[in-house]
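A.B. asks: Residue numbers (the working numbering): 1 to 447.
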């Protein structure tokens with residue numbers, strides 16, 4: 001068989017296939033919507049963990065994933081709804097054929113208006129078909145766009161981290177280099193975005209196209225444009241597809257913002273989800289109240305709001321600020337080179353068992369002991385007005401949140417309501433200050 005015959009047969013096969021794509025569209029949309037809905041909570045949990053553990057790249061990744069999943073789900077649900085209307089219209093056409101305006105016996109004014117605006121029923125079905133197919137293609141085109149944004153962000157953050165890890169470059173020069181890079185990237189991004197939303201207006205003028213071409217190639221390389229470029233230009237060369245994209249995306253974004261911000265306060269005085277204090281008990285400060293995986297500790301937590309044992313566990317979540325406070329309190333512990341930066345940890349691949357625990361050497365263990373000694377001096381734990389002895393250890397909670405934990409002896413505490421005060425470092429006017437950082441109310445009724 002010659003190449004021309006193969007091409008002709010392939011074209012016939014594609015022409016036949018595109019007439020039956022609605023079945024595949026509904027099948028894929030159904031599976032995709034189910035999978036996207038199921039992924040909401042795991043992605044939210046991973047995003048919250050990244051925020052809690054101050055993992056910048058993971059924060060950016062899961063934040064983009066949340067936006068991608070939300071928009072994709074809304075576009076696919078809209079596609080399924082319109083495709084359902086299309087199927088209903090095709091079925092109705094089989095039963096009743098075209099619209100007969102004469103049988104309606106309306107006045108001439110309304111008959112003329114409806115014949116002009118509504119037109120033949122087949123045209124309505126054709127419009128629905130075009131909209132549904134365009135929405136389906138748009139959903140997966142957007143998936144590639146979000147992937148491109150993440151790749152671009154990842155490369156920028158990685159390059160920035162490499163820059164700040166070079167000790168031979170002074171910090172003031174690093175700031176200048178970063179500012180210059182951000183300026184040029186910002187300008188180029190705006191130019192690239194303008195060209196995209198206008199359907200390639202910068203590619204039409206010969207002189208402008210020469211200047212813009214290197215920017216286009218640069219962003220195309222960074223965002224892996226070869227994966228979606230054919231789909232994009234096939235989408236943009238039809239006016240209907242372009243208008244569907246320009247109309248659908250802003251409407252969905254406005255709708256999501258409107259739904260997310262529209263609310264009716266329950267009280268004039270009580271704020272929902274406010275920080276725990278002597279008058280408000282937030283569930284994120286009580287371990288037995290955090291029932292969902294997405295419930296993350298708010299600064300600190302105790303075992304329960306009602307304590308029936310002669311002791312209570314206290315967990316204080318770790319963040320970089322707390323470690324900076326330790327170095328501020330005891331500068332001897334401050335390392336010569338801060339390890340809290342992005343790097344490739346090849347030792348993770350050295351072990352066949354990824355769950356294998358690490359055994360610190362004697363030097364590391366000694367530093368950890370000194371670290372905890374400073375931490376115990378840095379924080380004071382009070383119940384009401386009485387200071388309680390405590391001894392922290394490093395640990396992680398059920399959501400893999402790194403932190404410090406101690407057990408407080410309540411043997412001599414009176415029954416009733418009490419307030420646990422955590423007195424520790426906080427930042428005021430760019431200076432460390434020691435003050436009450438959190439107050440957690442609880443009730444003590446021992447067995």
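Note that CB positions come from ideal geometry on N, CA and C, so glycine has one too.
Check the DSSP bridge columns for residue 417 and list the partner residues they point to.
C.D. replies: Partner(s): 443.
A.B. asks: With a cut-off of 8 Å on the beta carbons, I'd call residue 467 and residue 150 a contact; round off their distance for me.
C.D. replies: Nothing about residue 467 can be read from this structure; the chain reaches only from 1 to 447.
A.B. asks: Around the Cβ of residue 389, are there at least 16 other Cβ atoms within 10 angstroms (buried) or fewer (exposed)?
C.D. replies: Under this definition residue 389 is an exposed residue.
A.B. asks: Roughly how many angstroms lie between the CA atoms of residue 426 and residue 436, to the nearest whole one?
C.D. replies: Cα-Cα distance, rounded: 9 Å.
A.B. asks: Between residue 115 and residue 98, what straight-line distance do the alpha-carbon atoms span, to the nearest angstrom?
C.D. replies: Their Cα atoms are separated by approximately 12 Å.
A.B. asks: Let me know if residue 332 comes out buried or exposed under the rule of 16 or more other beta-carbons within 10 Å of its beta-carbon.
C.D. replies: It counts as exposed.
A.B. asks: For residue 452, which three-state DSSP category applies?
C.D. replies: Here the chain has residues from 1 to 447 only, and residue 452 is not among them.
A.B. asks: Would you kindly report the start and end of the unbroken alpha helix (DSSP H) that includes residue 491?
C.D. replies: The requested residue 491 is not part of the displayed model; the chain covers only 1 to 447.
A.B. asks: Does the stretch 438-447 come close enough to the stretch 277-297 to have 3 or more Cβ pairs within less than 8 Å?
C.D. replies: With a cut-off of 8 Å, the stretch 277-297 and the stretch 438-447 count as touching, because enough Cβ pairs lie within range.
A.B. asks: From residue 172 to residue 338, what distance separates their C-alpha atoms?
C.D. replies: If you take the alpha carbons of residue 172 and residue 338, they lie about 18 Å apart.
A.B. asks: May I ask which residues mark the beginning and end of the alpha helix (DSSP H) holding residue 323?
C.D. replies: Counting along the chain, the alpha helix (DSSP H) containing residue 323 begins and ends at 320-329.
A.B. asks: So if DSSP puts residue 306 in a beta bridge, which residue, or which two residues, is it bridged to?
C.D. replies: Answer is 443.
A.B. asks: Using the Cβ count rule (16 or more neighbours within 10 Å means buried), how would you classify residue 201?
C.D. replies: Exposed is the call here.
A.B. asks: Within this structure, are the beta carbons of residue 59 and residue 44 separated by less than 8 Å?
C.D. replies: In this structure, residue 44 does not lie closer than 8 Å to residue 59 by Cβ.
A.B. asks: Grab me the residues of residue 433's own chain with a C-beta within less than 8 Å of its C-beta, minus the 5 sequence neighbours each way, in chain order.
C.D. replies: Cβ within range, chain order: 425, 426, 427.
A.B. asks: Would you say residue 443 faces chain C, with C-beta separation under 8 Å as the test?
C.D. replies: Among the protein chains of the structure shown there is no chain C, as only one such chain exists.
A.B. asks: At 4 residues or longer, what runs of the alpha helix (DSSP H) sit wholly inside the stretch 66-119?
C.D. replies: The stretch 66-119 contains these whole alpha helix (DSSP H) runs: 101-104, 108-117.
A.B. asks: Can you give me the C-alpha to C-alpha distance between residue 142 and residue 72, rounded to a whole angstrom?
C.D. replies: Taking the straight line joining both Cα atoms gives about 8 Å.
A.B. asks: Where DSSP assigns a beta bridge to residue 404, which residues make up the other side?
C.D. replies: Paired residues: 316, 394.
A.B. asks: Specify the secondary structure class of residue 334 as computed by DSSP and reduced to three states.
C.D. replies: The answer is coil: DSSP assigns residue 334 none of H, G, I, E or B.
A.B. asks: Take residue 379 and list the residues in its own chain whose beta-carbon comes closer than 6 Å to its own, dropping the five residues that flank it on each side.
C.D. replies: Taken in chain order, the residues that qualify are 424.
A.B. asks: Grab the span of the alpha helix (DSSP H) containing residue 364 for me, first residue to last.
C.D. replies: 362-378 is the extent of the alpha helix (DSSP H) around residue 364.
A.B. asks: Within 10 angstroms of its Cβ, does residue 135 collect 16 or more other Cβ (buried), or is it exposed?
C.D. replies: Counting Cβ neighbours within 10 Å, residue 135 comes out buried, since at least 16 surround it.
A.B. asks: According to the neighbour-count rule (16 or more other Cβ atoms, all chains shown, within 10 Å of its Cβ), is residue 81 buried or exposed?
C.D. replies: By the 10 Å Cβ count, residue 81 comes out exposed.
A.B. asks: What are the boundary residues of the beta strand (DSSP E) that residue 387 is part of?
C.D. replies: Counting along the chain, the beta strand (DSSP E) containing residue 387 begins and ends at 386-388.
A.B. asks: Just checking, does the stretch 85-96 make contact with the stretch 166-180 on the three C-beta pairs under 8 Å criterion?
C.D. replies: No contact exists between the stretch 85-96 and the stretch 166-180.
A.B. asks: When the distance is taken between beta carbons, is residue 395 closer than 8 Å to residue 314?
C.D. replies: Contact: no.
A.B. asks: Quick one, which of 373, 399, 124, 403 has its alpha-carbon nearest residue 86's?
C.D. replies: For residue 86, the nearest C-alpha among the options comes from 124.
A.B. asks: Using the beta-carbon count (16 or more within 10 Å), is residue 102 buried or exposed?
C.D. replies: Residue 102 comes out exposed.
A.B. asks: Counting only the same chain and skipping the five closest in sequence on each side, list residues whose C-beta sits under 8 Å from that of residue 307.
C.D. replies: Same-chain partners within the cutoff: 410, 442, 443, 444, 445, 446.
A.B. asks: Check residue 142 in the structure and name its three-state DSSP category.
C.D. replies: Looking at residue 142 - three-state DSSP - the assignment turns out to be helix.
A.B. asks: Rounded to the nearest angstrom, how far is the Cβ of residue 191 from that of residue 164, given a contact under 8 Å?
C.D. replies: Not confirmed; about 27 Å, so no contact.
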